[in-house]
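Here's the structure we're looking at; comments come further down.
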Amino acid sequence: MLALAGIALVAIGNLTIFNAQEPEAPAATMSQEKSGPTTQPIAFSHSHHVSDIGIDCQFCHAYARRGPVAGIPSVQRCAGCHQNVLSDQPEILKVLEYWENEEPIPWIRVHDLPDYVRFSHKTHVRSGVACENCHGNVATMDAAIQVESLSMGWCLSCHKDRGATRDCLACHY
Amino acid sequence: MTQPVVELLGVFPCCASAASAVRSIRNEQLGELVVYSPTPDHGLDTALDAPVSSVRLFVLIGGLLGCATGFAFPIYTVLEWPLITGGKALISIPPFVVIAFELTILLGALGGMAGFLWLSKLPRITGESAPDKRFTNDMTGITVTCSPEQIESVRTCFERTGASEIRELP
Amino acid sequence: MTLAKINDDILNTLRPPSATYYAAVLLAVSALSLGLAAFLHQARTGLGVAGYEHPILWGIYITDFVFWVGIAHSGTLISAVLFLFRARWRTAVARASEAMTVFAVATAGLFPIIHIGRPWFFYWLIPYPNERELWVNFRSPLIWDVFAITTYLTVSAMFLYLGLMPDIAAARDKITDWRRPIYRLLSFGWLGSNKQWRHYTALYGFFAALATPLVISVHSVVSWDFAMSILPGWHSTIFAPYFVAGAIFSGLAMVITLLVPMRRLFKLEPYITVHHFENLAKLMLATSLIVGYAYLTEFFIAWYSGSPFEQGTFFDRMFGQYWGYSWMMFTCNVILPLLLFWKTVRTSLKALFVMSIFVNIGMWLERYVIIVTSLSHDFDPANWGGIYQPTWVEAAITVGSFGMFFTLFLLFIKNFPAVSITEMKEAVGHSPKTETSEIV
Amino acid sequence: MTDYSNSAGPKRQELGSARSEVTQLETPLTEVIERRTFLKVIGSAGPAAAITACSPVPPEKIIPFVTPPQDVIPGIATWYATVCGECSAGCGTLVRTREGRAVKIEGNPEHPVNRGGLCIRGQSSLQGLYNPDRIPGPQRRRQTDAATGLSVVESTTWDEAQPVLIDRLRELSDGGNGNRIALITPPHTGALASLISSWTTALGAEWIRYEPFAYEAIREGSRRVFGRQELPHYNFAQAELVVSFGADFLETFQSPAEFARDHAGQRRVRNGSKGRFIQIEPRLSLTGASADAWYGVTPETEGLVAAAMIQVIISEQRAQGVADDLAVRIAELVADAAPEQVANQTGISTERIRELARAFSDPSLGAGRTLAVGGGVGVSGSKATATQMAVALLNYVAGNIGATVDFSEASSIKSSRYADMLELVEKMRSGEIDVAIIQDVNPMFNMPGAAEFETALARVPFVVSLSSQSDETTAQADLLLPTHSALEAWGDSNPRPGVYGLQQPVMQPVFDTHHMGDLLIEVAQALGGPITSELPRRGGFYRFLRDEWERAQPAGSLPSTTSAADAETVIDFEDYWADALRRGGVVFPVDPVEVKIQPQLFDTNLMVELASPIRQQDFTLITYPSLHFFDGRGANRPWLQEIPEPLLKTTWGTGLEMTSSTASNLNATEGQLVTVRSDHGQVDASVIINEDLVDGVVAIAIGQGHTNFGRYATGRGVNPSLLLDPSPEPLSGGIRWTGTKVTLTPRQLIRPIPRLQRTFDQEDRGLAQAVSLTALAAGEVHPEEPHFSLSPEHDHPIHRWGMSIDLDACNGCNACVAACYAENNVPVIGADQMRRGRTMSWLRLERFNEPNPGSSGPDVRFLPMLCQHCDHAPCETVCPVYATYHTEEGLNAQIYNRCVGTRYCSNNCPYKVRRFNWFLPEFEAPLQLQLNPDVTGRSDGVMEKCTFCVQRIQDGKETARDEGRSVRDGDVSPACAQSCPSQAIVFGDMNDPSSRVARLENDARAYHALSVFNTRPAVTYLKKVTQDG
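Protein chains in written order, with this note's numbering: chain A, 33 to 205; chain B, 87 to 256; chain C, 14 to 453; chain D, 76 to 1104.
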């Protein structure tokens, strides 16, 4: 018993020393999940753009069908509309200021996967996974928040339901 | 209505005399016996005519459970997410035998331990301790729970068989 | 010899200790701290601080692991196997051996964790349900190890504890200092009632019966870590019996190493006699002969196989870069123990003590030689030639493991009866005139 | 920042797209989208990553484009065709870029020079681009103490630094002292060369095109024999027998990637026969290791062997296409070179010389089917030109001129002679030079030390460096104006007539550097004068280059690339230019050239020129250009330092090579320091035992021994230039790299060079197998017996990836190893870790020796060893956590983030190809920009290994899916297979019976390494084919 306790002690020691992360729980993901919506540099409303105006996701996240990364809209794309639309609103003025200064908008990342996971939007979009399956009903959100856990078990459940591959090498290489 | 009972303790310096006390008390059906001894003693067991411990049943159940788990669990896991390693069959029995063997031993032992504790009513963290500290040292003790009328017979019996000390327990 | 005298004598060992004892504990704890510090350094910096040299990817840590598992074995042999064979002489040394078993397995169990590249993920080797839906690979001998070592640790700890329970109760009823509540707790409220004794005896027998195949399986499994691979020098069918014999051999040596000073320190001469040591020595001689035979068989098979890989490895083992280790191992494990054929040697505690140290070293070297030489000279000559040079980190962690073992052992023998009171009493119980030294 | 820095940068063209619109990346590199993909490689959850997690995690930013560039999809690679700038060979390359940074460089399969392969040096140019020791921006030396001459080098800006140069030049040119300006550059070709030429002419400055290996002797030899001072083009593909006199044409000689491919093709077994190759040299070179026979020859007597061969050919009347009278005169020239007369001096027996001569002039082959090449170490001594003359004559008498030796495609590279450089050094020393402008050459390091370039340079009042790398020479500069590396700059290359490669920038400059052409144009415009009319007013060098190309555009068509049907169509220059950009250049046909023997030749007393020097007691030193470092320019590249040299397996250093008998005579052992003294200098070098040297010879590789060349090169190995005779070879004016006499004194210090392989004996274990040509022709091959397995066979339903490696084609050039490092983010661990053998390389090149009766050296076999992706992989079974397993596509997967690091898999791998991360890998900034975002970085404590480039497999499958078809053979090519100049590695789907790899698996030469273990590897080796006798 003493010995078992010894092992346990060392194990706990390890855990506390290294604050070991289980891969299903990347620190960044967890913290944001708990802290709710993050403060973005511009009070952008997804619900307004999607529900009120009816813009398609891929109009702004233009690469989702074509590449691994969905892409955050370029400042040009924001400014393209807003130079004429609502160009006197304070938040829009911020956007236009970035555009004038030719600076990118430093958005805060909401959905993040660990670096050892290879995820391709293209593959998922083309096989019919809807955006909201992973990103939640963004149409009702202002700033995007993470709805799903994005953990491996969560990925797997969907992969199993859809009969998609469970080969480790599909996502980890 | 419960009958009033008294408890009488006899302290014996040696197991053999305690055994004969046990025998006579049992013969005379004087009451319920508990024997405390510093060591296990075969003579006492015989005198008490104790049944074989059912710990073995626990060991058997634990062992069988372990063996079954040892095969079923690996087989379940390889079928649940089939991954080929080294070109081996998914259900490769020889390696699973090792698991099954170890689990047989482990669960058998754990089962035995659980059975032992259960049957011996251990651990008893609170509650009464043995009536006399010497029973873990060198003395053998017998407590007899009997009706107040029988107490004298018990005392006589203790005295006859060589108890070094006889007292009534509160 | 009376029961009370046995009780007093043995419980007297739990009295406040001498300065020598404190010094010994201090030494052991310092060694343990050193090892712990070295491990932390290694875990933070990277395993590269150890002396691994491609392709020698296993080294001191696995050597230590096998060594400590081996040490554990004689404890079970003495407590369980000899119990089944009704060898009465085991009574005196069984408790110390059992304790040694548990602490050695616990020490051994840490080495796989120390050894792996990401020790913070060691629990991935345990098949627990997780959201990744991943299990372990039951075909891997390392998983067998996990099961074998866990089982061994659990069973031997329970075995030790079961035997201790009445003794702790005796201590509870005798010791009056601050430890009393602890004994009270640890005694589980043991009464010594006839019913308890009945179940106790039954379970003790079952434990002995379960531990006997277990002890054989554990070191067989450990040997399969090697034998299941395809590496020349490892891939061998005789490994299981060879390792079991070696383990018992090394364990017996460790028992002697521990008992000689303990007997002196705790004045247990009436209980642990020269006769006991002679019996241990006889067993040691027997296992040494088995080990020696295994060595020769290995070489014979390598030669007879006609496989250039096997032949190359074994030739390299004796005459290659590591020849010194191999010859030293051979001397310590096979040549020196031949002296045990002489009764004078068997009955001289000094000689036995010295020899036990040599055997400990020799058996440690045996594992080192098997692991390192086989890895250094495998299939592809393009990899050959590197010399594994352990670093201070590996040395410190090895020293630390001894520190851990001795710390645990020292704390144990000062706080728990190092000789089984119950069994001693049982042995003399029927005839108070029996002297404990006659329990042989 | 002045505007012209970007003026040359913006235009680039994606391969495979004929679009001509301008693609412009306006945002700086660091702000390009998806910074996370940069970070992707920084490792999974190891302690270092986790420790930071103790503190609150700062929110990760996600940075969008300001303006999205067209044609760029984040996460998808963009390829650019350009030209390799590492040496003068002018190989075409394709550079893969991700999010605006170059991550991989590969050979351009359409380029006529290298046709897909790329050598290790070319691949490492990425580490030149991202080298942490590049000069980050303009710097200026400021004197801090006039009395002592102490000075410091300070950073400055281009706006401040450039006028300093202009003022200084104006001062000189206004005073009519333009001849006091010297410009030292590599031998540029194309537009930059013509710009420099106009520039120096306008100023009256001297221009030295410094190249340490300028092949002066070949040019001079050709001039003396044929009247053409040129480097002919060697056509290895046509030669049935190649006799090389020391030419290391598979390593550094002229155009190794091209030669390797041609040579491998010529040596392939066809109809039961294959080309033969004999190498004659005093030290077995990597090239010689591929030869059927290597004849060790006394240094500087190769020419005598060639002369003896001529003598035999003429006297046995086997000369082909030689007029009788000419034959008589040639015979007179070599009258004293009968084999009997030279055998003793050269160390090659009479019989061998005769056999060689007969084989070389074998009438059954027909004229012009053999080839003699001279070059490399053997012919760079005092007999260099005479030897080349003999070699040229040998080719002549065998009828090879115009066939395998082609002057119509002679090199267009115009390098200066070493003697010219020495003249300049003399001028500098005597104070005739006021301004020295040096670009991307390092004469301080690689000129013979005794030539005292350093002291001469110190006499030059104003030294300007335009180099991009900080080295010994730039350390002497007063003004540093760093220029772009080849990957950041526009340019072109014209290695030989008809081949024009176009070099385009593949990314924004990493540092604050300028284009050399822009700089020269700016300076010229500032100075004014007639030259300005030749220069574009704006657009900088980019405009100049386009103008040059527009001028050179042939009328009519896209030459050689268009079908005859539209050959008459007039092509607009924009289309021509776009096409050239897309393809990486243009190719024109060239007219044949007739070559005649010069009558003056017969005035030479060839035998006197060839006469062997008297042997002394001392040792003869051979220095040779290193496969990895060339003249030393590669030494600051971590890959080149780390990857073991293929012959000796040394890493992170060079030493003094000697045979073990020489070493024991000296009482020296491997690794012991030995003081090497010549008449011109002395160095201390560690002993490296190399058995393949002739008696009395010691050797040192060129390229190491830097004193100031960044963190990776400084203080490693030994620089043999310090020992060399500074006087040029009299006839040609080249450096005498070989033949220096040295004495050796062992010191009592051991400084071993890490060596990754200690024995070359495979102890009959059949790892690298061979079959003789006759046995192969007779069908006497011994196929492996099928092994029985207790386990059920498992399926590979769709693909089963496999690889085939032809040991007969492999010449050990290490290109595959470098490609693997680049593609898979393999970390570099440094000398101390290499000493423990902890290399992280997923692919290692093993060298084994077998007896070779017909040769003075061993039969060297190279065995590229990588994960065999066994069907029955022993590593998989023992992994406790399923971190490695077998996929349905036949891959042995390694899941890094599951690995706990038990290392059991490596123990159980018979091939020992798994690598363990002992520490968290480090990539010193900005080298981390090279990391491939498609491959996960590995943390410490995990195992890694070859994945068959699974990311490229995924990519190939995805492309096929996008195009709605199945994967075709050739769609997927791992980095190693792609890079192989000799095409030894073939990859494909073994389930497809028509794939190359499936056919090769059933080849008569096919075998599996260590097949006795029934691991069923997916890698099939093809046995080396040895010549008989």
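Idealized CB from N, CA, C, for every residue including glycine. Remember, it's a predicted structure, so these values are computed and weren't measured experimentally.
* Partners in chain B for F256(C), counting only beta-carbon separations shorter than 8 Å -> Indexing the third sequence from 1 puts residue 256(C) at position 243. Within chain B, no residue comes near F256(C); the closest Cβ sits about 15 Å away, beyond 8 Å.
* Asked: How about R1013(D) and N982(D): are their beta carbons less than 8 Å apart?
  -> The count along the fourth sequence starts at 1 and reaches residue 1013(D) at position 938. The count along the fourth sequence starts at 1 and reaches residue 982(D) at position 907. Not a contact, by the Cβ cut-off of 8 Å.
* Asked: Since I228(B) contacts V108(B) with CB under 8 Å, what's their CB separation in whole angstroms?
  -> Here residue 228(B) refers to the residue found at position 142 when the second sequence is read from its first residue. Here residue 108(B) refers to the residue found at position 22 when the second sequence is read from its first residue. Contact holds; Cβ gap of about 6 Å.
* When the distance is taken between beta carbons, is L920(D) closer than 8 Å to N889(D)? -> Taking the first residue of the fourth sequence as 1, we reach residue 889(D) at position 814. Taking the first residue of the fourth sequence as 1, we reach residue 920(D) at position 845. Yes, the Cβ-Cβ distance between N889(D) and L920(D) is below 8 Å.
* Asked: Rounded to whole angstroms, how far is the Cβ of Q218(D) from the Cβ of V228(D), which I believe are closer than 8 Å?
  -> Counting from one through the fourth sequence, the residue named residue 218(D) turns up at place 143. Counting from one through the fourth sequence, the residue named residue 228(D) turns up at place 153. About 11 Å separates the two Cβ atoms, so there is no contact after all.
* **Cβ shell of V1105(D) (< 7 Å), same chain only, five flanking positions each side left out** => The structure shown does not extend to residue 1105(D), since chain D is modelled only from 76 to 1104, so the question has no answer here.
* Evaluate the contact criterion for the region 545-552 of chain D versus the region 507-517 of chain D: three or more CB pairs, one atom per stretch, below 8 Å. => yes
* Asked: In this structure, what does DSSP give as the bridge partners for N924(D)?
  -> Your numbering for residue 924(D) matches position 849 in the fourth sequence. BP columns for N924(D) point to D836(D), V935(D).
* Asked: For S879(D), which residues from the same chain have a beta carbon less than 6 Å from its beta carbon, with the 5 sequence-adjacent residues on both sides left out?
  -> As a first step, residue 879(D) must be located in the fourth sequence, where it is residue number 804. Apart from the 5 residues on each side of it in sequence, S879(D) sits with its Cβ closer than 6 Å to the Cβ of V1061, V1072, L1075, T1095 in its chain, given in chain order.
* Option in L40(C), Y255(C), P154(C), N20(C) with minimal Cα separation from D180(C) -> For the purposes of this step, residue 180(C) is taken as residue 167 along the third sequence, with counting starting at 1. The shortest Cα separation from D180(C) among L40(C), Y255(C), P154(C), N20(C) belongs to N20(C).
* **Closer than 7 Å at the beta carbon, the chain D residues around A107(B)** => For the purposes of this step, residue 107(B) is identified with residue 21 of the second sequence, where counting begins at 1. Listed along chain D is no residue with a C-beta nearer than 7 Å to that of A107(B); the closest approach is about 60 Å.
* CA-CA distance, I271(D) and V188(D)? -> Taking the fourth sequence and counting its residues from 1, one reaches residue 271(D) at position 196. Taking the fourth sequence and counting its residues from 1, one reaches residue 188(D) at position 113. Approximately 25 Å between the Cα atoms of the pair.
* Neighbourhood of I270(B) by C-beta, 8 Å cutoff - its chain only, sequence neighbours within 5 removed -> Residue 270(B) lies beyond the range of chain B shown here (87 to 256); nothing can be said about it.
* Go ahead and pull the three-state DSSP assignment for S79(A). => Translated into the one-based positions of the first sequence, residue 79(A) becomes position 47. Here S79(A) sits in helix by DSSP.
* If we ignore side chains and look at the alpha-carbon of each, how far apart do F784(D) and L555(D) end up? -> To locate residue 784(D), count along the fourth sequence from 1; it is residue 709. To locate residue 555(D), count along the fourth sequence from 1; it is residue 480. Roughly 15 Å between the two C-alpha positions.
* For the region 566-608 of chain D, list the beta strand (DSSP E) runs that are entirely contained and at least 3 residues long, ordered along the chain. => 566-571, 574-578
* **Minimum length 4: unbroken alpha helix (DSSP H) runs contained in the region 86-121 of chain A** => 89-92, 107-114
* Collapsed DSSP secondary structure at P283(C) in the structure displayed -> Residue 283(C) sits at position 270 when you count from the first residue of the third sequence. It is coil, neither helix nor strand.
* Please state whether DSSP places F1062(D) in a helix, a strand or coil. => Taking the first residue of the fourth sequence as position 1, residue 1062(D) is located at position 987. The answer is strand: DSSP assigns F1062(D) an E or B state.
* Any Cβ of chain C within less than 8 Å of the Cβ of P955(D)? -> Start at 1 with the first residue of the fourth sequence, and residue 955(D) comes out as number 880. At least one CB atom of chain C sits nearer than 8 Å to the CB of P955(D).
* State yes or no: is the C-beta of E804(D) within less than 8 Å of the C-beta of A774(D)? => Taking the fourth sequence and counting its residues from 1, one reaches residue 804(D) at position 729. Taking the fourth sequence and counting its residues from 1, one reaches residue 774(D) at position 699. For E804(D) and A774(D), no; Cβs fall outside 8 Å.
* Endpoints, alpha helix (DSSP H) assigned at Q823(D) -> Translated into the one-based positions of the fourth sequence, residue 823(D) becomes position 748. Note, Q823(D): premise wrong, no alpha helix (DSSP H); beta strand (DSSP E) at 813-825.
* Asked: With DSSP run on the structure shown, which of helix, strand or coil describes L556(D)?
  -> The residue given as residue 556(D) occupies position 481 in the fourth sequence. Residue state, collapsed to three classes: coil.
* To do: Can you give me, in chain order, the residues of the region 131-157 of chain C that have a beta carbon less than 9 Å from any beta carbon in chain A?
  => Within the region 131-157 of chain C, the residues whose Cβ lies closer than 9 Å to any Cβ of chain A are, in chain order, R131, P132, W133, F134, F135, Y136, N143, E144, R145, E146, L147.
* Test: P867(D) CB closer than 8 Å to a CB of chain B -> Looking up residue 867(D) in the fourth sequence gives position 792. Yes, contact with chain B.
* By a C-beta neighbour count over all protein chains shown, 10 Å radius and 16 as the cutoff for buried, is P29(C) buried or exposed? -> Within the third sequence, the letter at position 16 stands for residue 29(C). When all chains shown are included, P29(C) counts as exposed.
* Three CB pairs or more closer than 8 Å across the region 185-201 of chain B and the region 151-161 of chain B -> yes
* To do: Could you list which residues in chain D have their beta carbon closer than 9 Å to that of L189(B), in chain order?
  => As a working mapping, residue 189(B) is identified with position 103 in the second sequence. By Cβ distance, chain D contributes nothing, its closest Cβ being about 17 Å from L189(B), past 9 Å.
* So, using beta-carbon positions, are I405(D) and L468(D) closer together than 8 Å? -> By 1-based counting over the fourth sequence, the position of residue 405(D) is 330. By 1-based counting over the fourth sequence, the position of residue 468(D) is 393. For I405(D) and L468(D), yes; Cβs fall inside 8 Å.
* Which partner residues does W139(A) have in the DSSP bridge list? -> Along the first sequence, one-based indexing puts residue 139(A) at 107. W139(A) pairs with I137(D).
* To do: Could you pull out every residue in the same chain whose Cβ sits closer than 7 Å to the Cβ of W652(D), ignoring the five residues on either side in sequence?
  => Mapped onto the fourth sequence, residue 652(D) falls at position 577. Closer than 7 Å at the Cβ level, and outside the excluded window around W652(D), lie R621, W624.
* Asked: What's the call for S178(B), buried or exposed, on a 16-neighbour Cβ count within 10 Å?
  -> In the second sequence, the residue the question calls residue 178(B) occupies position 92. In the assembly as shown, S178(B) is a buried residue. Its beta-carbon has 16 or more other beta-carbons within 10 Å.
* To do: Measure the alpha-carbon distance for T247(B) versus P209(B) and round it to whole angstroms.
  => Numbered from 1 along the second sequence, position 161 holds the residue referred to as residue 247(B). Numbered from 1 along the second sequence, position 123 holds the residue referred to as residue 209(B). Looking at the two C-alpha atoms, the distance is approximately 33 Å.
* To do: Give, in chain order, every residue of the region 283-303 of chain D whose Cβ lies closer than 7 Å to some Cβ of chain C.
  => Taking 7 Å as the Cβ-Cβ cut-off against chain C, none of the residues of the region 283-303 of chain D qualify.
* **Beta-carbon gap between A850(D) and C200(A) smaller than 8 Å** => Along the fourth sequence, read from residue 1 onward, the residue named residue 850(D) stands at position 775. Along the first sequence, read from residue 1 onward, the residue named residue 200(A) stands at position 168. No, these two residues do not count as a Cβ contact at 8 Å.
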